[in-house]
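Letter by letter, the sequence shown follows residues 155 to 369 of this note's numbering. Just so it is clear, CB atoms sit at the ideal spot from N, CA and C, and this is done for glycine as well. Input: a single structure, listed below in structure tokens.
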Amino acid sequence: MEINVGGKSLAAGRVFCIGRNYAAHAKELKNDIPDEPVIFCKPPTALVSHLQREIPFPSFGSVLHHEVEIVVLIGKAGKPESETDALNYIAGLTAGLDLTMRDVQDDLRKQGLSWEKSKAFDCSAPLGEFLPFTPDRHLDDLRFSCAVNGGIRQSGNTGNMLFPIPRLMVEISRYWKLLPGDLIFTGTPEGVGPLLRGDCIEIAFNGNKWAWTIS
Ligand code: ZN
Numbered sequence: 155m156e157i158n159v160g161g162k163s164l165a166a167g168r169v170f171c172i173g174r175n176y177a178a179h180a181k182e183l184k185n186d187i188p189d190e191p192v193i194f195c196k197p198p199t200a201l202v203s204h205l206q207r208e209i210p211f212p213s214f215g216s217v218l219h220h221e222v223e224i225v226v227l228i229g230k231a232g233k234p235e236s237e238t239d240a241l242n243y244i245a246g247l248t249a250g251l252d253l254t255m256r257d258v259q260d261d262l263r264k265q266g267l268s269w270e271k272s273k274a275f276d277c278s279a280p281l282g283e284f285l286p287f288t289p290d291r292h293l294d295d296l297r298f299s300c301a302v303n304g305g306i307r308q309s310g311n312t313g314n315m316l317f318p319i320p321r322l323m324v325e326i327s328r329y330w331k332l333l334p335g336d337l338i339f340t341g342t343p344e345g346v347g348p349l350l351r352g353d354c355i356e357i358a359f360n361g362n363k364w365a366w367t368i369s
């Protein structure tokens with residue numbers, strides 16, 4: 155998928171996701187607060203453009219949950235030297251959905267297995283349109299939300315993150331050198347809940363809204 159930001163086009167790279175980055179969400183799923191960021195990946199086939207209208211309900215499992223998150227687009231290759239330096243690697247920001255088959259995830263967790271089947275399936279990562287990042291932007295006060303059929307379900311502020319965005323970037327780059335086009339889904343606040351076929355899910359960030367129908 156090509157990603158446009160500030161008049162430039164980047165090929166989407168890897169999709170990194172952070173689990174349990176908001177204390178109230180970790181609590182609602184009865185998870186412990188992690189000592190360091192929980193990182194998992196989705197393949198590029200998980201991405202869904204904001205230009206697409208529909209998200210298919212998966213053909214396995216039964217409980218599809220929305221998780222609205224701030225998504226960071228990486229614009230430069232390398233490993234940030236510090237949290238301040240991490241800001242130089244950000245090309246854009248938007249909101250996205252880390253769609254999760256919660257019943258499948260609960261089964262996998264009970265068995266101590268990895269989460270891929272429940273989180274990394276096709277079309278599990280819809281994305282809004284990226285807003286170019288400028289260093290004067292306060293990463294610790296980004297508001298974002300999602301609504302289902304017009305009713306607000308989740309409302310988040312990055313100020314409530316356990317690990318702020320620059321810290322996540324430094325942590326990810328310990329294991330994976332950052333590359334232009336990489337995406338980071340930064341974790342979801344509380345309020346996750348089910349989506350049914352026919353529902354319209356709308357996500358909002360910075361005065362913009364993007365919506366899809368579950369088909
Ligand atoms: Zn998530």
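Classification of residue 370 by the beta-carbon crowding that lies within 10 angstroms, buried from 16 upward: Residue coverage of the chain in this structure runs from 155 to 369, which leaves residue 370 outside it and unanswerable.
Cβ-heavy atom distance, residue 341 to the ligand ZN, below 7 Å: Here the question's residue 341 lines up with position 187 in the sequence shown. At least one heavy atom of the ligand ZN is nearer than 7 Å to the Cβ of residue 341, so yes.
Extent of the continuous alpha helix (DSSP H) to which residue 238 belongs: Locating residue 238 in the sequence shown gives position 84, counting from the first residue. Here the alpha helix (DSSP H) through residue 238 covers 237 to 240.
Where the beta strand (DSSP E) through residue 221 begins and ends: Translated into the one-based positions of the sequence shown, residue 221 becomes position 67. Unbroken run through residue 221: none, as it is neither H nor E.
Distance between residue 332 and residue 240 (C-alpha atoms, nearest Å): As a working mapping, residue 240 is identified with position 86 in the sequence shown. As a working mapping, residue 332 is identified with position 178 in the sequence shown. Taking the straight line joining both Cα atoms gives about 10 Å.
Cutoff 8 Å; reference residue 283; Cβ partners in own chain excluding five residues on either side: Counting from one through the sequence shown, the residue named residue 283 turns up at place 129. Once the five neighbours on either side are set aside, the close Cβ partners of residue 283 are 158, 204, 248, 362 and 364.
Three-state class that DSSP yields for residue 163 in the structure shown: On the sequence shown, position 9 is the one that residue 163 refers to. Looking at residue 163 - three-state DSSP - the assignment turns out to be strand.
For residue 207, the first and last residue of its enclosing alpha helix (DSSP H): By one-based count along the sequence shown, residue 207 stands at place 53. Careful: residue 207 lies outside any alpha helix (DSSP H) and carries neither H nor E.
Short Cβ contact (8 Å threshold) for residue 164 with residue 335: Numbered from 1 along the sequence shown, position 10 holds the residue referred to as residue 164. Numbered from 1 along the sequence shown, position 181 holds the residue referred to as residue 335. Yes; because the gap between Cβ atoms is below 8 Å, this pair is in contact.
Reduced DSSP category for residue 297 - H, G, I as helix; E, B as strand; rest coil: Translated into positions along the sequence shown, residue 297 becomes position 143. When secondary structure is reduced to three states using DSSP, residue 297 falls in the strand class.
Reduced DSSP category for residue 263 - H, G, I as helix; E, B as strand; rest coil: For the purposes of this step, residue 263 is taken as residue 109 along the sequence shown, with counting starting at 1. Of the three classes helix, strand and coil, the one that applies to residue 263 here is helix, per DSSP.
Limits of the unbroken beta strand (DSSP E) element including residue 372: A query on residue 372 cannot be resolved here, the shown segment of the chain reaching from 155 to 369 and no further.
CA-to-CA distance, residue 327 to residue 228, given in whole angstroms: As a first step, residue 228 must be located in the sequence shown, where it is residue number 74. As a first step, residue 327 must be located in the sequence shown, where it is residue number 173. Cα to Cα, the separation comes out at about 12 Å.
Distance CB(residue 209)-CB(residue 277) smaller than 8 Å: Here residue 209 is taken as the residue at index 55 of the sequence shown, counted from 1. Here residue 277 is taken as the residue at index 123 of the sequence shown, counted from 1. It is a contact, given that the beta carbons lie within the stated cut-off.
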